[in-house]
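Note that the sequence shown covers residues 0 to 232 in numbering that gives the first Met the number 0. We treat Cβ as the ideally placed atom computed from N, Cα and C, and that holds for glycine. On a predicted model such as this, the values are computed, not experimentally measured, just so you know. Worksheet: the structure to be examined is printed underneath.
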Amino acid sequence: MGKSFDFSLIWVYLPKLLSYLHVTLFIVLASVVCGVLLGLVVALPRLYKIPLLNRLVIIYISYTRGTPILIQLFLVYYGVPELLKAVGIDVSDVQPLVFVILTYALHFAAYFSEIVRASVNAIDRGQAEAGYSIGMSSYAVLTRIVLPQAWRVALPNVANLTIGTLKDTSLAYTLGVMDLVGRAEMLGTTYHFLEIWIALSMIYYVVVLLLEYVYHRFERRVQRFEQAVTAFD
């Protein structure tokens with residue numbers, strides 16, 4: 000049983016939790032960066048219909064989207080060391096944080112690759128064909144014509160995916176990572192559970208609002224840039 004609710008304790012616990020905010024943000028940043036890079040690679044077999052790789056990517060995306068992130072955390076944490084041990088690589092000294100970032104990066108990449116595929120397919124094929132007609136290579140068409148337009152289409156979905164990743168990192172504590180939720184679990188020994196979780200929810204909510212604000216400002220800047228280019232043309 001918890002102790003009697005004390006509103007003033009919310010402000011006592013806030014700084015204690017905020018001191019671990021950087022861990023959560025680092026997990027999100029590292030996962031997003033790695034997930035974007037991996038997601039771009041994963042999207043290529045889907046875009047170019049590479050027979051065997053396309054099928055493997057479909058299975059990977061389907062499995063990732065069809066299983067809870069908590070299960071994926073434990074599969075990576077316990078499964079990767081066993082796989083590496085089979086080839087003579089010992090990773091027993093690797094910090095759990097590495098496996099957490101790896102899991103979220105793989106999770107992010109699966110969703111991001113589908114965002115990329117859908118965004119690229121949303122671009123008028125006539126523009127790509129025009130590029131081919133003047134002798135541009137497939138790589139040049141992709142990087143100079145298709146992707147610059149596709150990323151603007153993808154931006155809102157990437158924003159939602161990033162915010163979702165932030166909230167999903169609340170499960171990182173299950174592997175012993177001392178992030179925001181891990182710190183909240185430790186503070187829970189004081190039995191003021193409600194005050195702690197209210198303080199924690201406030202932190203997550205403010206960070207999400209800030210991320211939404213940053214993405215919104217960035218999207219508006221992109222739109223203004225496009226309007227300026229159109230007017231110049």
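Review point. Using DSSP with H/G/I as helix, E/B as strand and the rest coil, what is I114?
Key: Within the sequence shown, numbered from 1, the residue matching residue 114 stands at position 115. Correct three-state label for I114: helix.
Check your understanding: Rounded to a whole number of angstroms, what is the C-alpha to C-alpha distance between T168 and V32?
Key -> The residue you call residue 168 lines up with position 169 of the sequence shown. The residue you call residue 32 lines up with position 33 of the sequence shown. Spanning the two alpha carbons is a distance of roughly 15 Å.
Exercise for review: Using the Cα positions of S136 and V145, report the straight-line distance between them to the nearest angstrom.
Suggested key: Within the sequence shown, residue 136 is the residue found at index 137, counting from 1. Within the sequence shown, residue 145 is the residue found at index 146, counting from 1. Distance between the alpha carbons of S136 and V145: 12 Å.
**Study point:** Span separating the alpha-carbon of G233 from that of K2
**Key:** A query on residue 233 cannot be resolved here, the shown segment of the chain reaching from 0 to 232 and no further.
Point to revise | Three-state secondary structure (DSSP) of S136 | key: Taking the sequence shown and counting its residues from 1, the one referred to as residue 136 is at position 137. Three-state DSSP puts S136 in coil, outside helix and strand.
Exercise for review: Compare the Cα-Cα distances from I57 to each of M177, S91, R116, V22 and report the closest residue.
Suggested key: If you number the sequence shown from 1, residue 57 lands on position 58. For I57, the nearest C-alpha among the options comes from R116.
Exercise for review: Return the Cβ separation of Q148 and I122 in integer angstroms, given the expectation that the two are a contact with Cβ distance under 8 Å.
Suggested key: Sequence index remark: in the sequence shown, residue 148 carries index 149 (1-based). Sequence index remark: in the sequence shown, residue 122 carries index 123 (1-based). 5 Å between Cβ atoms; contact.
**Study point:** Completely contained alpha helix (DSSP H) runs for the segment 162 to 227, where each covers 4 or more residues
**Key:** 179 to 186
**Study point:** Inter-residue spacing [alpha-carbon to alpha-carbon] between A104 and I68
**Key:** In the sequence shown, residue 104 corresponds to position 105, counting from 1. In the sequence shown, residue 68 corresponds to position 69, counting from 1. For A104 and I68, the distance between alpha carbons rounds to 11 Å.
Check your understanding: To which residues of the same chain is A29 closer than 6 Å at the C-beta, ignoring the five residues directly before and after it?
Key -> Position 30 of the sequence shown, counted from the first residue, corresponds to residue 29. Cβ within range, chain order: I100.
Check your understanding: How is T66 classed by DSSP in three states: helix, strand or coil?
Key -> Position 67 of the sequence shown, counted from the first residue, corresponds to residue 66. Reduced to three states, the DSSP call for T66 is coil.
Review point. Any contact of the segment 123 to 142 with the segment 2 to 14, i.e. 3+ C-beta pairs under 8 Å?
Key: no
Review point. When you compare only the Cα positions, how much space is there between T189 and M177?
Key: As a position in the sequence shown, residue 189 is number 190, starting the count at 1. As a position in the sequence shown, residue 177 is number 178, starting the count at 1. Rounded to whole angstroms, T189 to M177 spans 17 Å at the Cα level.
Check your understanding: So which of V41, G65, T66 has the shortest CA-CA distance to R54?
Key -> Within the sequence shown, residue 54 is the residue found at index 55, counting from 1. Residue V41 is the option with its Cα nearest to R54.
Exercise for review: With I88 as the anchor, note down where its alpha helix (DSSP H) starts and where it stops.
Suggested key: Reading the sequence shown from its first residue, position 89 is the one you call residue 88. Segment: none, I88 is in no alpha helix (DSSP H) and carries neither H nor E.
Check your understanding: In whole angstroms, what separates the C-alpha of T66 from that of H106?
Key -> For the purposes of this step, residue 66 is taken as the residue at position 67 of the sequence shown. For the purposes of this step, residue 106 is taken as the residue at position 107 of the sequence shown. Computed Cα separation, rounded: 10 Å.
Check your understanding: Cα separation between P50 and A183?
Key -> Position 51 of the sequence shown, counted from the start, is the residue given in the question as residue 50. Position 184 of the sequence shown, counted from the start, is the residue given in the question as residue 183. The alpha-carbon atoms of P50 and A183 are separated by roughly 48 Å.
Check your understanding: In terms of residue numbering, what span does the alpha helix (DSSP H) encompassing F25 cover?
Key -> Here residue 25 is taken as the residue at index 26 of the sequence shown, counted from 1. Note, F25: alpha helix (DSSP H), 20 to 47.
**Study point:** Close-in-space but distant-in-sequence residues of the same chain around L186 (CB under 7 Å, 5 per side omitted)
**Key:** The residue labelled residue 186 in the question sits at position 187 within the sequence shown. Y12, K15, I195, listed in sequence order.
Review point. So does the segment 147 to 164 actually touch the segment 18 to 25, counting three or more Cβ pairs closer than 8 Å?
Key: no
Review point. Roughly how many angstroms separate the alpha carbons of T164 and I60, rounded to a whole number?
Key: Within the sequence shown, residue 164 is the residue found at index 165, counting from 1. Within the sequence shown, residue 60 is the residue found at index 61, counting from 1. The straight-line gap from Cα to Cα measures roughly 16 Å.
Practice item. Assuming L199 contacts L179 (C-beta within less than 8 Å), just tell me the rounded distance between them. Key: For the purposes of this step, residue 199 is identified with residue 200 of the sequence shown, where counting begins at 1. For the purposes of this step, residue 179 is identified with residue 180 of the sequence shown, where counting begins at 1. That belief holds up - the Cβ atoms of L199 and L179 are roughly 6 Å apart, short of 8 Å.
**Study point:** I9 - containing alpha helix (DSSP H), residue span
**Key:** On the sequence shown, position 10 is the one that residue 9 refers to. Per DSSP, I9 belongs to the alpha helix (DSSP H) from 8 to 17.
Check your understanding: Around the Cβ of R45, are there at least 16 other Cβ atoms within 10 angstroms (buried) or fewer (exposed)?
Key -> The residue given as residue 45 occupies position 46 in the sequence shown. Result: buried.
Check your understanding: Cα-Cα, which of L52, P155, N120, G134 is closest to E211?
Key -> Position 212 of the sequence shown holds residue 211. Comparing Cα-Cα distances from E211 to each of L52, P155, N120, G134, the minimum goes to P155.
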